[in-house]
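Colleague: This note's numbering numbers the first residue of the sequence shown as -7 and each following residue consecutively. Even glycine gets a Cβ: it sits at the ideal position worked out from N, Cα and C. All figures in this text were calculated on a predicted structure; none of them were measured in a lab. There's a structure below that I have some questions on.
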Amino acid sequence: MTTDDVLANVGPRLRRIRKEREVTLAALSETTGISVSTLSRLESGLRRPSLELLLPIAQAHQVPLDELVDAPPVGDPRIRASGPIVRHGRTHWPLTRRPGGLQAYKVLEPKRRLEPDPRTHEGYEWLYVMSGKLRLVLGEHDVVLAAGEAAEFDTRVPHWFGSTGEGPVEFLSLFGPQGERMHVRARPGRG
């Protein structure tokens, strides 16, 4: 595939991504600072895409530049994790490396029985249990998820999750950029 072939496909891809997100040209123009006429000419192929135009569009749609361009793959496609992160006794393996977007982690919670300490933050979280049992305290609910079960919830609801104490649990966690921020206690701490 030549550079001209790649560039010729950018316009239709820009239109498809914008329409999938149900964004008007006027709204995208307001977000990016690029005129409606320039955006329209980009999508119709009458304007050659440039980095100066594609970067703000990628940022507005929260997609990597590669998704707009669909450049041919270069080199080794494997993601090299920077290594596991251990926080509060849990081991987290980052599965995504895109800053500011949806984050995915594989998490190993050791066998331990902890007192739930529900927290809140902006956003949504999705959990999928791969092995073991995961205890989820969400508002007034206290449930146990087994392997193959998933949960999705608004993180403004006080929540906590961890091992049931019967054994370790391995799960996937997906959350937006708000989940990276500090959690706020849902109730006063004990003295």
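Can you name, in chain order, every residue of its own chain whose Cβ lies under 7 Å from the Cβ of H53, other than the five neighbours on each side?
Modeller: The residue you call residue 53 lines up with position 61 of the sequence shown. Closer than 7 Å at the Cβ level, and outside the excluded window around H53, lie I9 and R13.
Colleague: Contact between the region 114 to 121 and the region 76 to 84 is defined here as three or more beta-carbon pairs at a separation below 8 Å; is this criterion met?
Modeller: no
Colleague: How about L43: is its C-beta nearer than 7 Å to some C-beta of chain B?
Modeller: Absence of chain B from the displayed structure is noted, only one protein chain being present.
Colleague: My output table needs one value for D109: the three-state DSSP class, helix, strand or coil.
Modeller: Taking the sequence shown and counting its residues from 1, one reaches residue 109 at position 117. Coil.
Colleague: On a CA-only basis, which of P48, D62, G131 and N1 is nearest V149? Give me that one, please.
Modeller: Translated into positions along the sequence shown, residue 149 becomes position 157. The shortest C-alpha separation from V149 is found at G131.
Colleague: Measure from the alpha carbon of P110 to the alpha carbon of each residue in T24, S165 and H151, then state which is nearest.
Modeller: Residue mapping note: residue 110 aligns to position 118 of the sequence shown, counting from 1. It is H151.
Colleague: Give me the residue from L106, F153 and L46 with the minimum Cα distance to V129.
Modeller: If you number the sequence shown from 1, residue 129 lands on position 137. Comparing Cα positions, the closest option is F153.
Colleague: So, at 8 Å on beta carbons, what are the nonlocal neighbours of S42 in its own chain, with the 5 sequence-adjacent residues on each side left out?
Modeller: Within the sequence shown, the letter at position 50 stands for residue 42. Contacts found: none.
Colleague: Restricting to Cα atoms, I'd like to know which of E44, L34, R127 and V135 is closest to G159.
Modeller: In the sequence shown, the residue the question calls residue 159 occupies position 167. Among E44, L34, R127 and V135, the Cα nearest to that of G159 is on R127.
Colleague: List the DSSP bridge partners of V149.
Modeller: Here residue 149 corresponds to residue number 157 of the sequence shown, with the count starting at 1. Paired residues: none, contrary to the question.
Colleague: Just to confirm before moving on: does the CB-CB distance between S165 and E101 stay below 7 Å?
Modeller: In the sequence shown, counting from the first residue as 1, residue 165 sits at position 173. In the sequence shown, counting from the first residue as 1, residue 101 sits at position 109. Not a contact, by the Cβ cut-off of 7 Å.
Colleague: Which of the three DSSP states, helix, strand or coil, is assigned to R7?
Modeller: The residue you call residue 7 lines up with position 15 of the sequence shown. Here R7 sits in helix by DSSP.
Colleague: Compute the Euclidean distance between the alpha carbons of R33 and Q95, then round it to the nearest angstrom.
Modeller: As a working note, residue 33 is residue 41 in the sequence shown. As a working note, residue 95 is residue 103 in the sequence shown. Each residue's alpha carbon lies about 33 Å from the other.
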